[in-house]
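*Asks:* One structure coming up, written as structure tokens, with questions to follow.
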Amino acid sequence: MGMRIDLVYAAAGVADRVRSAYVDREARKGKGPSDHAPVVVDLD
Numbered sequence: 004m005g006m007r008i009d010l011v012y013a014a015a016g017v018a019d020r021v022r023s024a025y026v027d028r029e030a031r032k033g034k035g036p037s038d039h040a041p042v043v044v045d046l047d
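Here this note's numbering is used: the first residue of the sequence shown is 4, the next is one more, and so on.
Here's what the structure looks like:
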């Protein structure tokens, strides 16, 4: 029920290499809801 607060910080050199990023919403579907979920970032 809360706000999603997960994020990824990256330096400019790393940020330029990001090809995709998403929040794994399936990880939040446990017994109790969570405000946290894994953030997956694919780099080139």
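Where is the CB? At the ideal position from N, CA and C, for every residue including glycine. Note that the structure is a prediction, hence the values are computed from the model and not measured.
I need the DSSP call for R28, collapsed to helix, strand or coil.
*Replies:* Looking up residue 28 in the sequence shown gives position 25. DSSP places R28 in helix when its eight states are reduced to three.
*Asks:* In terms of DSSP beta bridges, what is D45 paired with?
*Replies:* Stepping through the sequence shown from its first residue, residue 45 is reached at position 42. Paired residues: S23.
*Asks:* What is the residue span of the alpha helix (DSSP H) that A14 lies within?
*Replies:* Sequence index remark: in the sequence shown, residue 14 carries index 11 (1-based). No alpha helix (DSSP H) holds A14; DSSP gives it neither H nor E.
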